[in-house]
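In our numbering, each number is its position in the sequence shown, counted from 1, plus 12.
Heads up, the beta-carbon is just placed ideally off N, CA and C, and yes, glycines get one too.
Accompanying notes for the structure given below.
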Amino acid sequence: MNKKMNRRSFLRSTAAAGAGLVLAPNVIAQATGNSKADSLNIALLGAGAQGQVLLDSCLRIPGLRFRAVCDIWTAYNQKRVTRLLKKYRHEVNAYVDYAEMLDKEKDLDAVIIATPDFWHAEHTVACLEAGLHVYCEKEMSNTLEGARRMLQAARKTGKLLQVGHQRRSNPRYIHCLDKLIKQAKLLGRITTINAQWNRSARPDNGWPKNAAIDQATLNKYGFESMHQFRNWRWYKGLGGGPIVDLGSHQIDVFNWFLGAGPKSVIASGGTDYYEKSTHQWYDTVMAIYEYDYEYDQGKKQTVRAFYQTITTNSSNGYYENFMGDEGTLHISESAGRGAVYREPSAPDWEKWVKAGFLNAPTEQKSDSTDAVLDVRETIAPPAYELPIKMARKYHQPHLENFFDAVRGRAKLNCPPEVAYESAVSVLKVNQAVEAARKLDFKPEEFKV
Ligand SMILES: NC(=O)c1ccc[n+]([C@@H]2O[C@H](COP(=O)([O-])OP(=O)(O)OC[C@H]3O[C@@H](n4cnc5c(N)ncnc54)[C@H](O)[C@@H]3O)[C@@H](O)[C@H]2O)c1
């Protein structure tokens with residue numbers, strides 16, 4: 013009864029927060045007197061679009077108590093997030109400058125960083141040196157020099173640094189790698205990858221005119237204008253364009269699934285559609301990597317991995333296709349996509365269906381019923397769907413992995429060494445576009 017009343021009064025007290033706001037089971041847990049033994053004090057540094065997505069997931073993870081929010085956009089993101097957290101009974105202090113936050117908040121355990129890429133190195137290094145564990149969004153940094161400093165600071169301080177390549181904690185991706193590729197070897201020998209993130213044309217990000225940041229503050233934090241502040245991804249020196257913003261997730265999966273970084277990359281790209289002065293990074297990029305893939309002990313196969321990101325058309329959305337001589341894995345963070353397709357010559361997969369690795373196949377529609385043709389070539393192979401559903405809040409498992417590691421119960425799924433390899437692989441695409449030739453990776457480039 014008491015429990016019910018508490019929950020009811022909690023719901024009543026948060027109803028004012030309005031429709032569309034998140035449910036916060038940890039708040040419910042605290043209101044109902046659940047254990048606080050594992051409680052962690054958290055700050056959010058960068059409360060923009062992604063900061064709010066991460067916050068939404070954090071509010072579903074028990075034992076987290078937000079104590080501070082730091083964001084330079086006081087009239088908008090900072091205000092919005094601070095208000096929201098207070099409604100959920102997190103007594104947060106708001107800051108504009110991270111140094112002041114670190115100076116005043118002496119009770120923090122960890123910081124979640126979701127500022128623009130060019131701030132990641134400075135913010136991460138300062139937080140680690142202040143003795144805090146850090147979850148920092150991808151791209152680790154917009155420069156390799158910055159990424160190296162982050163890794164070195166993590167090593168020096170002994171604090172944890174998780175980088176936000178969240179697919180690394182996604183149960184569906186983990187199932188594909190551990191069970192389908194490594195254990196059952198359903199793809200046979202992987203030879204080719206193709207992946208993409210295609211997005212519709214869209215206008216630049218705007219801002220409510222009455223919430224503009226003054227020029228002196230913009231300049232102090234590295235932005236020339238409100239347009240640049242809201243669209244930092246497109247600017248050289250601040251972001252890396254769509255190949256870094258979107259491609260980094262998927263190219264990281266190439267490295268993860270193949271167990272190695274690439275040996276070369278060739279790429280073509282340009283700002284073909286948008287205004288060049290405000291879209292300094294390329295709106296269209298097509299890249300081909302070569303990997304030396306060790307598919308069996310001591311046996312290697314060259315894998316060519318094609319990746320494209322276009323920002324003018326959303327055809328087929330985003331996915332990664334891993335193709336081997338026995339099957340194809342089609343995987344995406346997008347919930348409705350995830351299946352394996354058997355090549356006609358591959359051994360039967362019945363035992364893997366029985367073992368729960370895959371769902372029973374569904375026949376694909378054929379565009380030809382002509383019996384004279386070779387049906388093995390003309391009928392699309394059956395789709396064996398993945399038995400594991402995509403988590404609706406797909407950042408949550410990665411955050412949970414981070415907090416479990418902070419509590420000493422797990423190993424990080426994306427420590428800085430892993431994220432650094434990914435940054436080396438991704439940042440070179442922009443260089444390859446500029447160089448207009450194939451660029452090689454030396455093995456030592458991936459190490460710090
Ligand atoms: N993992 C993912 O799927 C994913 C998705 C989107 C974005 N991201 C990453 O999250 C980060 C943030 O992206 P976003 O889309 O939220 O950008 P955004 O522009 O919406 O938000 C950035 C926020 O940081 C604040 N800010 C900027 N400089 C600051 C500073 N020096 N100190 C304090 N606050 C500062 C801004 O006021 C803004 O509120 C980027 O690194 C981006 O790559 C990751």
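| Item | Value |
| --- | --- |
| Leaving out five residues before and five after lysine 401 in sequence, what residues of the same chain have Cβ atoms less than 8 Å from its Cβ? | Arg184, Ala347 |
| So is lysine 191 buried or exposed if we call it buried at 16+ other beta carbons inside 10 Å? | buried |
| Is leucine 67 a contact residue of ligand 1, with contact defined as CB to any heavy atom under 7 Å? | no |
| Note down, one range per segment and in chain order, each beta strand (DSSP E) of at least 3 residues found wholly within the region 71-103. | 76-82 |
| Using a Cβ distance threshold of 8 Å, determine whether the region 213-233 contacts the region 161-175, with at least three qualifying pairs required. | no |
| Could you spell out where the alpha helix (DSSP H) holding phenylalanine 269 opens and where it closes? | 259-270 |
| In whole angstroms, what separates the C-alpha of glycine 158 from that of threonine 374? | 48 Å |
| Assuming glutamine 313 and tyrosine 305 are in contact, meaning their beta carbons sit under 8 Å apart, how far apart are those beta carbons, in whole angstroms? | 5 Å |
| Please go through the same chain and pick out, in chain order, the residues whose beta-carbon is closer than 7 Å to the beta-carbon of valine 460, but skip the five residues on each side of it. | Arg160, Leu163, Gln164, Tyr432 |
| At a cut-off of 7 Å, is alanine 59 close to ligand 1 when judged by its beta-carbon and the heavy atoms of the ligand? | yes |
| Spell out the partners DSSP gives lysine 311 in its beta bridges. | Asp308 |
| Helix, strand or coil, according to DSSP, for valine 277 in the structure here? | strand |
| With DSSP as the reference, identify every bridge partner of glycine 350, one or two as the case may be. | Ile343 |
| Starting from the Cα of isoleucine 124, find the closest Cα among Pro74, Arg95, Val65 and give me that residue. | Val65 |
| Quick check on this structure: which residue in Tyr100, Trp244, Trp85 has the alpha carbon closest to the alpha carbon of alanine 106? | Trp85 |
| With DSSP run on the structure shown, which of helix, strand or coil describes glycine 2? | The chain is shown only over 13 to 460; residue 2 falls outside these bounds and no answer can be derived. |
| Tell me the DSSP secondary structure of glutamate 446 in three-state form. | helix |
| With DSSP as the reference, label leucine 52 as helix, strand or coil. | strand |
| To the nearest angstrom, how far is it from the Cα of arginine 354 to the Cα of leucine 198? | 8 Å |
| May I ask which residues mark the beginning and end of the alpha helix (DSSP H) holding tryptophan 244? | Element bounds for tryptophan 244: n/a, residue is neither H nor E. |
| Taking only beta-carbon positions, decide if glycine 336 is within less than 8 Å of chain C. | The chain labelled as chain C is not found in the depicted structure, where only one protein chain is given. |
| Exposed or buried, tyrosine 110, counting other C-beta atoms within 10 Å across all chains shown (16 or more means buried)? | buried |
| So does lysine 366 have its beta carbon nearer than 7 Å to some heavy atom of ligand 1? | no |
| Determine, using beta carbons only, whether glycine 253 and arginine 245 come nearer to each other than 8 Å. | yes |
| Quick check: the Cα distance between isoleucine 186 and valine 137, rounded to an integer number of angstroms? | 30 Å |
| Count the CB pairs spanning the region 415-430 and the region 352-368 that are closer than 8 Å, and state whether there are at least three. | no |
| Would the C-beta of tryptophan 244 count as close to ligand 1, meaning under 7 Å from any of its heavy atoms? | yes |
| What is the C-beta distance between proline 409 and serine 181, in whole angstroms, given that I count them as a contact (C-beta under 8 Å)? | 4 Å |
| Please report the straight-line C-alpha distance between asparagine 217 and proline 74, rounded to a whole angstrom. | 34 Å |
| So, at 7 Å on beta carbons, what are the nonlocal neighbours of threonine 203 in its own chain, with the 5 sequence-adjacent residues on each side left out? | Gln313, Val315, Met335, Gly336, Asp337 |
| Could you pull the start and end residues of the beta strand (DSSP E) that isoleucine 125 belongs to? | 122-125 |
| Do the CB positions of proline 405 and serine 51 come within less than 8 Å of each other? | According to the sequence shown, residue 405 is lysine rather than proline. For lysine 405 and serine 51, no; Cβs fall outside 8 Å. |
| In chain order, what residues of the same chain have a beta carbon less than 7 Å from the beta carbon of glutamine 1, not counting five sequence neighbours either side? | In the structure as shown, the chain starts at 13 and stops at 460, and residue 1 therefore has no counterpart that could be examined. |
| Please report the Cβ distance between glycine 259 and valine 441, rounded to the nearest whole angstrom; I am assuming they are in contact, meaning their Cβ atoms lie under 8 Å. | 7 Å |
| My output table needs one value for tyrosine 185: the three-state DSSP class, helix, strand or coil. | helix |
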